[in-house]
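In the UniProt record's numbering, the protein residues as written are 1 to 158.
Following: one structure in structure tokens, then a few remarks.
See the structure below:
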């Protein structure tokens, strides 16, 4: 079970990198070539509903990170810290490689997503007790298969 979790976690990390850094692009030519940085939390000069969607997307994308690491028996503080490190690494990479906007809001919402994942793990642990890791692993496998299928469809259509 641990080996399967490691495999799914590795696929998940590659997907997160592809989504955040490469914006689901299948070609280098499709990547954005601009650099910006926003250090004011939840500041949007052009207020639209798009920002709310982006905040929710960032939160949701990082929930599995907390779940995966908890199923691998990583303690909660370390899990949240590692989620923060992944998030800041991605935001800095966007800036360094001129792949879009680096935003403190993303760092906050990504880390909050990890925190939600950890909390969700403990909630599921209270409900399912010793079956928790098996149930989470089954859900992670289903979601990973669906997401990889979506990616295959995207790649075929491009």
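For each residue, glycine too, the CB sits at the ideal point set by N, CA and C.
Bear in mind that the values here come from a model prediction, so they are computed numbers and not experimental data.
Leaving aside the five residues before and after residue 60 along the sequence, list all residues of the same chain whose C-beta is less than 8 Å from its C-beta, in chain order. 113
Contact defined as beta carbons within less than 8 Å: I believe residue 117 pairs with residue 66. What is the distance between those atoms, to the nearest angstrom? 2 Å
Buried or exposed: where does residue 140 fall if 16 or more other Cβ atoms within 10 Å of its Cβ makes it buried? Around the beta carbon of residue 140, a 10 Å sphere encloses 16 or more other beta carbons of the protein chains shown; the residue is thus reported as buried.
Would you kindly check if the distance between the Cβ of residue 93 and the Cβ of residue 110 is under 7 Å? no
Span of the beta strand (DSSP E) around residue 37: Counted as a single uninterrupted DSSP element, the beta strand (DSSP E) harbouring residue 37 occupies residues 35-38.
Three-state secondary structure (DSSP) at residue 89? helix
Quick test of your reading: residue 120 and residue 63, contact by CB under 8 Å. State the CB separation rounded to the nearest angstrom. 7 Å
What is the residue span of the alpha helix (DSSP H) that residue 106 lies within? That run of the alpha helix (DSSP H) goes 104-128.
I'd like to check one pair, residue 5 with residue 71: are the Cβ atoms closer than 7 Å? Yes.
To which residues of the same chain is residue 19 closer than 8 Å at the C-beta, ignoring the five residues directly before and after it? 61
Alpha carbon to alpha carbon, how far is residue 55 from residue 168? Give it in angstroms, no decimals. This structure gives no information on residue 168, because the portion of the chain shown stretches from 1 to 158.
Span of the alpha helix (DSSP H) holding residue 12? 2-20
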